[in-house]
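Each residue of the sequence shown is one higher than the one before, starting from 2 at the first, in the numbering used here.
For each residue, glycine too, the CB sits at the ideal point set by N, CA and C.
All of these numbers come straight from a predicted model, not from anything done at the bench.
Here the structure comes first, spelled out in structure tokens, and everything after it is commentary.
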Amino acid sequence: MISGFRVCLLAALQKHYELNHAIPERIVVYRDGVSDGKLPTVEQFEIPQLLSYALRCSPNYKAKLVFIVVQNRISTMLYSWSDDRFGTPSPRTVLDHTVTNRQWVDFYLMAHYMHQGCGLPTHYISAYNTADATPHHLQWLTFKMCHMYWNWYAHKLTFLWGQYLHCEPAIQLSDKLFSL
């Protein structure tokens, strides 16, 4: 599990305050690379770590936190039925019932169009939500975030550091696009 979340969160909150002269009302975290078996560890270790360090910004600060686990490597496939044949569902297709887990607020999202073959959805699990975000709001926000290139840069950076460098990223890169 990630033990350096506190450093990332504190730096992000400080930068937000520097630019906006206010602490954010809500914090949304998308966490990749967590299997179903590790979800309790995320709940018991990472989320409390984020909440405790958010309090350091201001003694009266009550962070409204949404923590979403992203699972890309899944075996679930979604199909749609149209024109008397099966096909890949269109972008923005959300499945939030029947095959989802009753213990979590979760959903499957087809975010992009597939030209051929079967598109694999991404599984999103809302592990923590004190921001009163409805499942519909989380689904819409997640779909919109899928089309921002920050995701790609963040994924490349974490892969590089985790697989090859085995150290914390330089703080000077925290507010820059990472050119890898």
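Spatial neighbours of residue i within its chain, please: CB distance less than 6 Å, with the 5 preceding and 5 following residues excluded, ordered by chain position.
| i | result |
| --- | --- |
| H17 | P25 |
| A182 | Examination of residue 182 is not possible in this model, given that the chain is present from 2 through 181 alone. |
| S81 | G88 and P90 |
| R27 | K65 and A132 |
Keeping to the same chain, check which residues put their C-beta closer than 8 Å to that of residue i; ignore five residues upstream and five downstream.
| i | result |
| --- | --- |
| Y62 | I24, A55 and L56 |
| E44 | A128 and Y129 |
Please list, in chain order, all residues of the same chain as residue i whose beta carbon is under 7 Å from its beta carbon, the five residues on each side excluded.
| i | result |
| --- | --- |
| L52 | A64 and L66 |
| S180 | In this prediction, S180 scores a pLDDT of 48, lower than 50, which makes its location untrustworthy; no coordinate-derived value is stated. |
Report yes if the CB atom of residue i is closer than 9 Å to the CB atom of residue j, and no otherwise.
| i | j | result |
| --- | --- | --- |
| T89 | L79 | yes |
| P136 | V100 | no |
| G34 | V8 | no |
| T77 | L121 | yes |
Am I right that residue i and residue j are in contact with their C-beta atoms under 8 Å? What's the rounded C-beta distance?
| i | j | result |
| --- | --- | --- |
| I69 | I126 | 7 Å |
Thinking just about the alpha-carbon of each residue, which of the options is nearest to the one in residue i?
| i | options | result |
| --- | --- | --- |
| F46 | H116, K145 and F6 | F6 |
| N73 | S91, R86 and R32 | R32 |
| K39 | L166, S76, C119 and A128 | A128 |
| R93 | A12, Q15, T77 and T123 | T123 |
| Q104 | D37, V29 and R27 | D37 |
Would you say the beta carbon of residue i is closer than 8 Å to some non-hydrogen atom of the ligand FAD?
| i | result |
| --- | --- |
| K16 | The ligand FAD is absent from the structure shown, which contains no ligands of any kind. |
**Message:** Taking contact to mean 3 or more Cβ pairs, one atom from each stretch, closer than 8 Å, check whether the region 110-121 and the region 136-152 are in contact.
**Reply:** yes
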